[in-house]
Each structure stands twice: as C-alpha cells, then as structure tokens.
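J.:
2 protein chains.
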Amino acid sequence: MLTLELGKSKNIPLYQQIYQYIKQEVLTHRLKAGSRLPSKRALAAQLGISTITVENAYGQLMSEGYIYAKLKSGYYVSALENLAPPAPMASAVSKTAQCISSPKGTGIDLSSNSILPQSFPFSIWSRLLRRTMAEKQSLLLTKSPTAGILPLRQAIASHLMSFRGMPVSPAQIIVGAGTEYLYELLIKLIGRDKLYCVEDPGYQKLQHIYRDNGACCISLPIDHKGISVSALGSVACDVLHISPSHHFPTGIITPVSRRYELLAWAASEQRYIIEDDYDTEFRLVGKPIPSLFSIDMSSKVIYMNTFSKSLASTIRISYMVLPQPLLEEFNRRFNYLSSTVSTFEQYTLASFIEQGYFERHINRMRNSYKKLRQLLLRALTSHPEHNRIEILQQASGLYFLLKIHTRLPDAALEDRLRQNGIHLQALQHFYQNRQAAPKHTFVVNYSSITPNDIQKVTDALFKSLK
Amino acid sequence: MLTLELGKSKNIPLYQQIYQYIKQEVLTHRLKAGSRLPSKRALAAQLGISTITVENAYGQLMSEGYIYAKLKSGYYVSALENLAPPAPMASAVSKTAQCISSPKGTGIDLSSNSILPQSFPFSIWSRLLRRTMAEKQSLLLTKSPTAGILPLRQAIASHLMSFRGMPVSPAQIIVGAGTEYLYELLIKLIGRDKLYCVEDPGYQKLQHIYRDNGACCISLPIDHKGISVSALGSVACDVLHISPSHHFPTGIITPVSRRYELLAWAASEQRYIIEDDYDTEFRLVGKPIPSLFSIDMSSKVIYMNTFSKSLASTIRISYMVLPQPLLEEFNRRFNYLSSTVSTFEQYTLASFIEQGYFERHINRMRNSYKKLRQLLLRALTSHPEHNRIEILQQASGLYFLLKIHTRLPDAALEDRLRQNGIHLQALQHFYQNRQAAPKHTFVVNYSSITPNDIQKVTDALFKSLK
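Take a look at the structure:
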C-alpha cells in the first residue's frame, strides 16, 4: 500500500504530489519493478480525491516510463533499465487503446506494423547516406522546396510509373513527414468546413486527425465492396477517405464498377476522394489493381502513399499526388511552408530509388513476406485442432484475418493470448460501431515476426483455445 | 513574342495550354535561358484571357523550375541545368515576397538565414550516424513516442540546463519536424477559437500559419521594449507569440520589468505566451537573458527552440517545452500522433549533444560569426563614405540593421543592390503596417557569407549609393 500523505496547503498540485511520491518510490526501489500499483479508483478513494487526479499522475508517470499499464489488468512499476519504453506501435488502434496498450518487448507482437531490423537495408542505406554527405554538402544545406526536393519527386514519379502505371508529373508530388502530416495539409487545402467520411471498420486514428484539425468527420459502414454511393448519399459527404485497393483491416478490394460509381459521385460536385494506397507494394497475390487516381478524369482524386511499409515507418517519409487544380491552389497558398523532411534523408531516398535499390528491396521483402505468410498459414491449418480456426482474406498483404470458433468473449481471448505470450487484436477494435463487428475474429499482422516464431505463435494460439 | 494559339475547344484548360506551350519552348531551347517572358498582363491582353489564367500557368512553370521571377522585374527562362531551383530561403519574408524572390546562386545573399556548407560538422555527423546505424538497428526501427525519443529529450533537457539555466524535465519536451509543425500542434492543443497575437514587425509567416490553421491572428505594434500590456489590452488577446530575448528583425531585448508585466497579464486568465527563443545560442554580446519560461510561476509560458540556426535548417528538428497542465493535456489528447522526425536523425542528434559535440559546435560557430561580424562591420565603417551608413542594433545575433542615408526609395535601392550583386531586404518587408517602418533601413543576415565576400559586399553597397 502506498503511504502517501497529500498536503493541500503545499501549493503543489495534488496530481504532482502523487507523481513525485511514486517516482521517488520507483527510483529508490521501494516500489519493485513489476509490482502492481493500486487501481486509480482505489487510490483515489484511499486519498479522498478524484480519480481524474490519480489518472493525471499515472499518465505522467507512464509518459515518463516509470510505470506501465497492462490492458484490463492495471498499472505496474517499470524496470528502471527500461525507462524509455517505446510508444505503442499498433498504428490502427484507437486513442484509448493506444494509451493503455501493454509495453512491447514481452511476447510476440502480432498487433504491430513494425518491421524487423534484418528487413531494413542498413548497409546500402548507410553507404548512400555517406555518399550523399560527401558529395552533396551544399545541396544538403539548401532549403528544400515545400513539396520536397525535385530529385526525390522525380524518383517517386518514375516509381509510380513503373510500379503502378501512373503517369504523374514530379510537380504533382508533395513529400511530407508521414501520412498524418499530409492529411493535415490536405485539411488546410480542402477546407475545415467540409464533411470528411472514413471507412468503418478502418483506422480509427483518422477520425481523431480530422477532428483535431477542426474538420467534421464521420465513419460510414462498408459493404463487401467498400463504401457505397448510397451510404455517401445518406450524409452530405464532401471528402471521402478510402483505401480501395486493400481495405484495412478487412482486406476488401473495391471492384472497378464500384470505383466508377465513386468517381461519378466525386465528379458531379465540389467533392474529393483521398485514396490511401498504403501497402500497394505488398500485394502478394493476384494482379495489381489500377489506382483510382489513374482512372480519374475529373481531377478529384488525391493519391497517398508512404515509405512506412515499404522501407521503415521510423524514417518519416510519405507523399501525396495532387490533381492539377488542387496543386495550383497548394502552390499558391502553401509555398511559404517549410518541408518537414530532412534533406539528408530526402537525397538518400532519392538515390535509393533512382539506383534501383528500392525496387529490389520491395521484391526481396515481398518474397520474404510471402514465404513467411505461407509458413504461418501452413502451421495454423495443419495443426491437429485446425478446425477450431478459419483464415479469412487470404489475398491480403501483410496481415490476414483469423476467425476462431470459440465461446470466449474477444477480450478474454486477447487476455489469454497475452498470457501465453502473443499480442493479437480483435477485429472489433477497428469498428466505430462495435456491434457490427464479426465476433471472434482477429487481425494478424505478421510483418514483425520471424519463421522461428511460428511454432510459438501456433502453440500459444491453440493453447489459448483450451 | 510568344506565338501561341489557344484552342478553346480543346478540352484542355487554358492555363495548361499556356504552360505546355512555354514548357515546350524552354525544353527545345526556342526560348533561351535568361530571356524575359511577357508580363502576365501583356500576355493576357495578347491572348484575350484573364491575367489569373496566365498567373496560374506561370505559377506552375515556376514551381517546376522552367521559369523564375525577379522582384519588380518580371519572369525569365531558367537555364535547363538549373531545373531544380531551391525554394526561396529567407525565413521571414511574406508569402508574396517568398513566391517571387529571385533565384539564389547569383550574387551574395544577405537576405537568407542559411548556413555555409563548411559550417556543418559533416564528418562528426557522418561518424555518429554510422555508429547509430551499426549499434541501434532495433531501436531505429522502433516507433518513436509522439514527443520524440527519450535520449534526445534528455539531451535537450541537459543542454537547456547547462546553456540556459532552465531546469526542465525531458517529459516536458516535444520534438517535431520544424517550428512550424510545432506551432500547428500548439494551435490544436490551445484551440482554434483563441486570438493569437504576434509582433509587428516580425516574421510575417507566423500570421499565415495561424490563419491557415483556422485560428484568428493579428499583429500588434511593438515599442522599444517589445509588445506592451496596453497593446494587449486593446484587443482580447488569448495567446501572445513573442521572441523576448532577441526580437526579429529589430534585435530588441525585452527587459525584465516588461517580462514580468507580460507574465502578470498571462497569469490572470486563460492565457498563454509562446516564447520563441530561436537564436539564443548566437547571442554574441552581453550576458544571457533568463528565458520567460524560467521565471514563469504560473505555467503559462511555452518555450520553443530549434536546431535550424544552431545546426542546420535542413535537418528538420525543433522542440518545445510545455508547462505541466498543457503537457498533461497534450499527452492525453495527442498520444496517438506519430512523431514527425526520423529516428535515425533523432538518435544521431542525441549522441551529438550527449557527447559534447553540440556545445563545441555552437562555440565554434559563435566565434566564427563574431569574427565575421567584426570584419564586416569594420569594412563598412572604415569605408571612405562610411558617413552615408549607420549600424543599428549592434548587440544582436546573426543579423544587424543597416540604416542608409539616401533619398532613394527602398525598393529602388534593393534593385540597385541586386544589380550590383547583393540581395538585401528592407526592414519594411517585416512590417504589417508598412507606414510604421523606418525608411532606408535594411536587415543584414550575414550567416551565409564568408570573409572573402566582405570586400564585394562593401563595394557593392557603396556603389549602389552613388
């Protein structure tokens, strides 16, 4: 029990007194690593204060790494040598889920989109970076245009042409420090007074981004082809944000007929479609699907992509391709903004693409993921109890859906899985309307595991079903 | 004369036809590098279309680098080997001035805050980067917390302590891809419904940033101590954005008495002060001034600083220090956002600071700027016609003000200077209310020249006065 006495006269906010006290206890090892703290409610009751105050103190301690939270379990004292816990990695979890997701580093993480260190081409990257720093010193210290340096935009344009068949001018490409930053630019460009619609299920984060930037955003349910025009008709949507070539997390590919319906919807008024093509490089099965952008004749589609999946999410480089009228407006209004990406990394990435390393890297990664995926699926489906599970959306990229025949509630199953050493998220976390979510279905992100982990994953999974 | 025929039936927008035509003429060398294009108005009259259409075409050609603009002179064809002109570098010029500032690379630029290649510690940076990539592969691919990796925030905290005497917790520090990005975060945090006030004169860009993010922003005139509380009282200001330790471009240092008045103003209501300490490392003369943040007892000051001046503006790393209540709100609301700075550069910068290289770099740069400044001032003041000029704000950092005794209007003098090979901006460009600007006064940014340029600068300056 914490023997903390609060001094109301001390002129130090209460939460800060709690924070200071616990921090001290952790630093002096009076609170041992791994030991559990009282729940927020219990501590608040003990001290006769509001739970909000305790929450603030715990929040602060968490953000500084002194304590960590386990989902549905409580707060625990960190080991001091781990005082820099990485932020939660699952890119798609909701705000709340992110804040309280368990610390990484224990068990195998199938909820994250991170990649393995051995996947990143460190030696090539290091060589190109060194050469860039030796040969381009003056350019490296010359301010980048708002949209990014021309060589990088040229390299991206030729990648889009060869890989995606998209004829795009380098001038249409805007490079930025991550897709989230580019969304923010788009909101400024298109307007805060518009209604933005996103997919349900989908990346819950998107709604937060739109709303935090002062725009209205609602989610629309998808059918088996994606968002329908009739769903759009039910609200006064101005801007539709979708990933038609590979919906996350269901893996749905919007067929061409639906694509034309959506383009017709956008063409008729002051409307736009933001096409998020985030993992197009990792379509493992089947023919590539033409992007919406490339069949759009009305200049209503904004194409977005990122190097987060195809290279590393920690090198913050994404890009968007603007249709001509929006591009002009962008150049007219936002020319004054500084680029958010370091020239050092822009030039290095430009060389990486120009010299063919990017294409080779993607091919290598695609083959490696394909193999990994096959091994994992084979291990799961050849397990003696394989009839208790079902694999959905086999065609999708770096994740698939796993349906489990069980009576356990999803949260309980997540807990059991975690106790057995694997982190797996139920599909319902990606639904705004949780009632609509298929039960007992889990999203398996396998990009951060190795073939050696497969046996452990399979064992842990089936053990949890017992 | 351009012999362009527009086809209105062609289904291609008019501006695009003009753009295509001129681009073709440039690429095939029918329009020679350096040749002047018709003015927008003239071309519009010739073709019988609106000047807006021509403006759009020229804008597009400029953004792609086919043509460039000279201030008050017109549009010129680029040399094809220069097809990637850097964006204008002057960080403080207004939107319009930025879009039409002359291309760099000709003459000596005293309007830019860029630094010389020889100033950047390439060999140390390269070594640290290489070591980081060899030793921290797993960390480099681990997602950064929203506010930045802990080692970098710890390094910044200890730099602030040793350099600025500011006791700050690493948890209070938010790292982001440039100060502009951090302003945007702040607007989201504090609110779009607030009235933001900036200094007049000052960075004209700030107003654009606030307004483009949906906030109201006005500029308030400064007196000889900075913004006064009575000026604040004249509007219902909520958030005051100032650089009290070294006002740009006047160099004014807000004295302690005024600082306390401003803190008192902020303390009494839901108000905040954003303290931009952008060039504190380059205070060349006199004692360091305690930051507003460090004497604020009411948690109302947000401290901002950047590595743009002290390292390089093209490595996009800035930071802010939040007071406790705002920090909690930030952690609660924005934990879901991805960091905008690459982990590769975050870890490298952390090592750079931790291992003492940053301090040594600053000292070296400060000495070098001090020497350069002395040489430049000596050359100017020992010129036979030195009584035609006057140096103002001698105590300021990487720039000073130059008053010229002349009857020429500022614009004409800027033109003459440019013809003589130096780019210099009149003080009035930094005023919202141009009538209030002192005449014949110029801002001399000398950070991107070398001692070898000094004779040329002096000659060109006095030649322009004849």
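Sequences listed follow chains C and V, in order.
Using this note's numbering, you'd call the opening residue of the first sequence number 889 and step up by one each time.
Using this note's numbering, you'd call the opening residue of the second sequence number 889 and step up by one each time.
Even glycine gets a Cβ: it sits at the ideal position worked out from N, Cα and C.
1. Starting from ARG1322/V, find everything on chain C with Cβ-Cβ shorter than 8 Å and list it in chain order.
2. Just mark GLU1087/C as buried or exposed, buried being the case when its beta carbon has 16 or more other beta carbons within 10 Å.
3. Going by CA-CA distance only, name the one from LEU1286/V, GLY1285/V, ARG1266/V that's closest to ILE1277/V.
4. Verify the CB distance criterion: does SER1107/C have a CB-CB separation below 8 Å to chain V?
5. From the DSSP output, in three-state form, read off ALA1348/V for me.
6. Could you pull out every residue in the same chain whose Cβ sits closer than 6 Å to the Cβ of SER982/V, ignoring the five residues on either side in sequence?
7. Among GLN905/V, GLY995/V, PHE1181/V, SER1057/V, which one has its Cα closest to the Cα of PHE1129/V?
8. Among GLN904/C, GLU913/C, SER1230/C, which one has its Cα closest to the Cα of THR891/C?
9. Looking at chain C, which residues of the stretch 1015-1039 of chain V have a Cβ within less than 9 Å of any of its Cβ atoms?
10. Which of helix, strand or coil does DSSP assign to PRO1213/V?
11. Out of curiosity, what's the CA-to-CA distance linking LEU894/C and LEU902/C?
12. Please look up how many angstroms separate the CB atoms of SER1107/V and GLY1090/V, rounded, as I've assumed it's under 8 Å.
13. Taking DSSP as the reference, what is the three-state secondary structure of ARG1204/V?
14. Rounding to the nearest angstrom, what Cα-Cα distance links LEU1349/C and ARG1306/C in this structure?
15. Apply the 10 Å Cβ neighbour rule to HIS1328/C and answer buried if 16 or more other Cβ atoms are within range, or exposed otherwise.
16. Could you tell me the alpha carbon to alpha carbon distance between VAL1144/C and VAL1189/C, rounded to whole angstroms?
17. Could you check where the alpha helix (DSSP H) with ILE1012/C kicks off and where it finishes?
18. What residues of chain V sit near ASP1100/C, judged by a beta carbon separation below 8 Å?
19. In three-state terms, what does DSSP make of ASN1223/C?
20. Hey, could you find the ends of the alpha helix (DSSP H) HIS1249/C is sitting in?
21. Could you tell me the boundaries of the alpha helix (DSSP H) in which MET1049/C lies?
22. Does the stretch 1196-1216 of chain C come close enough to the stretch 1058-1070 of chain C to have 3 or more Cβ pairs within less than 8 Å?
23. Chain D beta carbons: is any one of them nearer than 8 Å to that of ASN944/C?
24. Return the residues of the stretch 1222-1239 of chain V that lie within a Cβ-Cβ distance of less than 8 Å from chain C, sorted by chain order.
25. What residue range does the beta strand (DSSP E) around GLU1087/V cover?
26. Look at the alpha carbon of PHE1170/V and the alpha carbon of TYR1287/V, and state the distance between them as a whole number of angstroms.
27. Consider the Cβ of ALA1043/C: report whether some Cβ of chain V lies at a distance smaller than 8 Å.
28. Just the C-alpha distance for PHE1318/C and LEU931/C, rounded to the nearest angstrom, thanks.
29. Determine the direct distance from the alpha carbon of ARG1254/V to that of LEU1172/V, and round the result to whole angstroms.
30. Give the secondary structure of MET1185/C by DSSP, where H, G and I count as helix, E and B as strand, and everything else as coil.
31. Which whole-angstrom value is the C-beta distance of SER1230/V and THR1202/C, which I expect to be below 8 Å?
32. For GLU1072/C, list the residues DSSP reports as bridge partners.
33. Between the stretch 1290-1299 of chain V and the stretch 1063-1078 of chain V, can you find at least three pairs of beta-carbon atoms closer than 8 Å?
34. What ranges does the alpha helix (DSSP H) occupy inside the stretch 911-963 of chain V, keeping only unbroken runs of at least 4 residues that lie completely in it?
35. Alpha carbons only, please: which of SER1198/V, HIS1096/V, ILE1037/V is nearest the one belonging to TYR1224/C?
36. Less than 8 Å between the CB atoms is what I'm expecting for ILE1075/C and ALA1103/C, so what's the real figure, rounded?
T.: A quick look at the data gives this:
1. Chain order gives no chain C residues near ARG1322/V, where near means a beta carbon separation below 8 Å; the closest approach is about 19 Å.
2. Around the CB of GLU1087/C, 16 or more other CB atoms lie within 10 Å, so the residue is classed as buried.
3. Checked all of LEU1286/V, GLY1285/V, ARG1266/V; the closest Cα to ILE1277/V is ARG1266/V.
4. No, its Cβ sits nowhere closer than 8 Å to a Cβ of chain V.
5. Helix, per DSSP.
6. In this prediction, SER982/V scores a pLDDT of 31, lower than 50, which makes its location untrustworthy; the coordinate-derived value is nonetheless stated afterwards. These residues qualify, in order along the chain: GLN1092.
7. As written in the sequence, residue 1129/V is His, which differs from the Phe given in the question. The shortest Cα separation from HIS1129/V among GLN905/V, GLY995/V, PHE1181/V, SER1057/V belongs to PHE1181/V.
8. Closest by alpha carbon: GLU913/C.
9. For the stretch 1015-1039 of chain V, which is checked against every Cβ of chain C, the residues closer than 9 Å are LEU1017, ARG1018, MET1021, ALA1022, GLN1025, SER1026, LEU1027, LEU1028, LEU1029, THR1030, LYS1031, SER1032, PRO1033, THR1034, ALA1035, ILE1037, LEU1038, PRO1039.
10. Reduced to three states, the DSSP call for PRO1213/V is helix.
11. Roughly 7 Å separates the two Cα atoms.
12. Indeed, because the Cβ distance is near 7 Å, the residues count as touching under 8 Å.
13. ARG1204/V sits in coil when the DSSP states are folded into three classes, being neither helix nor strand.
14. Between the alpha carbons of LEU1349/C and ARG1306/C lies a distance of about 10 Å.
15. Of the residues assessed, HIS1328/C falls on the buried side of the cut-off, its CB having 16 or more other CB atoms within 10 angstroms.
16. Using only the alpha carbons, I get a separation of about 15 Å.
17. 1010-1023 is the extent of the alpha helix (DSSP H) around ILE1012/C.
18. Under a criterion of Cβ atoms nearer than 8 Å, the residues of chain V adjacent to ASP1100/C are, in order, LYS1076, ARG1221, PHE1222.
19. Of the three classes helix, strand and coil, the one that applies to ASN1223/C here is coil, per DSSP.
20. Residues 1245-1269.
21. Its alpha helix (DSSP H) spans residues 1038-1052.
22. Per the Cβ contact rule, the stretch 1196-1216 of chain C is in contact with the stretch 1058-1070 of chain C (3 or more Cβ pairs under 8 Å).
23. No chain D appears in the structure shown, which is made up of the protein chains C and V.
24. Those residues of the stretch 1222-1239 of chain V that come within reach of chain C (Cβ to Cβ, closer than 8 Å) are PHE1222, ASN1223, TYR1224, LEU1225, SER1226, SER1227, THR1228, VAL1229, SER1230, THR1231, PHE1232, GLU1233.
25. GLU1087/V -> beta strand (DSSP E) spans 1083-1088.
26. Here the alpha carbons of TYR1287/V and PHE1170/V stand approximately 10 Å from one another.
27. Against chain V, the CB of ALA1043/C has no partner CB under 8 Å away; the residue lies outside that interface.
28. The alpha-carbon atoms of PHE1318/C and LEU931/C are separated by roughly 32 Å.
29. So the two alpha carbons sit approximately 7 Å from each other.
30. Coil, per DSSP.
31. The Cβ separation is near 6 Å, so the contact holds.
32. DSSP, once it has assigned bridges, lists no residue as partnering GLU1072/C.
33. No, the stretch 1063-1078 of chain V does not touch the stretch 1290-1299 of chain V.
34. Taking 4 residues as the minimum length, the alpha helix (DSSP H) runs contained wholly in the stretch 911-963 of chain V are 928-935, 939-951, in order along the chain.
35. Residue HIS1096/V is the option with its Cα nearest to TYR1224/C.
36. Your pair ILE1075/C and ALA1103/C checks out as a contact, with CB atoms roughly 5 Å apart and the cut at 8 Å.
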